[in-house]
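Residue numbers (the working numbering): 85 to 374.
Positions of the beta carbon are idealized from the N, C-alpha and C atoms, including for glycine.
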Ligand code: R5P
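Here it is, written out as structure tokens:
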């Protein structure tokens, strides 16, 4: 097995290669003046299982094209198998048609990756697992929520209330609860399909005087976490943490979240950021060995 160090996840790729004691394939890359991407594999992959590590966080389109180009290069240079590890899988939130006339974006991406030469794909906390149903090659979705919860546990933040920002994410809070051994629950969240505006209701949460960790797959604009933090403060929560697998944190999201009363944001290196305090490398290395 050789680990191709995708430009978007070079450090993560290096950690994975080290854990697996696998050879690394450096990648030369650049953007041409008109914006087109260029990549070149700088080591041999002939007759190897080539594993590309490349997240597709913003700018998603550029990183997806780099991924497709790396797959093509691996295939053309004689790789026996091409496996993609894509911690943050872009376009997975458009996994169905919400409004007439839309594209089914995730299926378009999957088909593009197949044509590029990818044989299988590992991702982490994809927004909805069913987004992977119609992929034209085998996929595996792994969860980093227990790893994030472990991070809090090791810091002595045990028995915290694990909160999901909406009912659909309760399985995330439940995974964290198994590690933290506290309570768990969810908020009632709605998002306007046209404006993207998030609204939340208190429900019947009992969080007065408690430490609450909001667990989510993605923090993007921060709208979800800020709305949740506002309610948690009204309910008398003692300390609020926000934790996610993919800290996309667009623009000034981090500042607005901290200003809303959240003590700290903890994410993974799915998206390299200074909030990426937990590495996915051990989890991914284990999956690659299985
Ligand atoms: C949505 O259902 C996701 O699980 C996240 O809650 C959402 O993507 C977060 O986005 P934002 O930070 O923009 O509210």
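- For residue 272, the closest C-alpha among the options 292, 280, 250, 266 is that of 250.
- For residue 300, the shortest separation between its Cβ and any heavy atom of the ligand R5P lies below 6 Å.
- Remark: the C-beta of residue 303 is in contact range of the ligand R5P, defined as less than 6 Å to any heavy atom.
- Between residue 129 and residue 85, the gap from beta carbon to beta carbon reaches 7 Å or more.
- Residue 300 sits in a strand when the DSSP states are folded into three classes.
- Under DSSP, residue 351 takes part in a beta bridge, and its partners are 360.
- Looking at 170, 222, 142, the one whose alpha-carbon comes closest to that of residue 154 is 170.
- Straight-line spacing of the CA atoms in residue 108 and residue 94 works out to 10 Å.
- Under DSSP, residue 225 takes part in a beta bridge, and its partners are 207.
- Beta-bridge partners of residue 124 (DSSP): 112.
- Within the stretch 215-287, the runs of alpha helix (DSSP H) that reach at least 4 residues and sit entirely inside it are, in chain order, 229-238, 254-264.
- Remark: C-beta atoms of residue 291 and residue 319 approach each other more closely than 7 Å.
- CA-CA distance, residue 113 to residue 302, rounds to 27 Å.
- Within the model, the alpha-carbon separation for residue 334 versus residue 305 is close to 5 Å.
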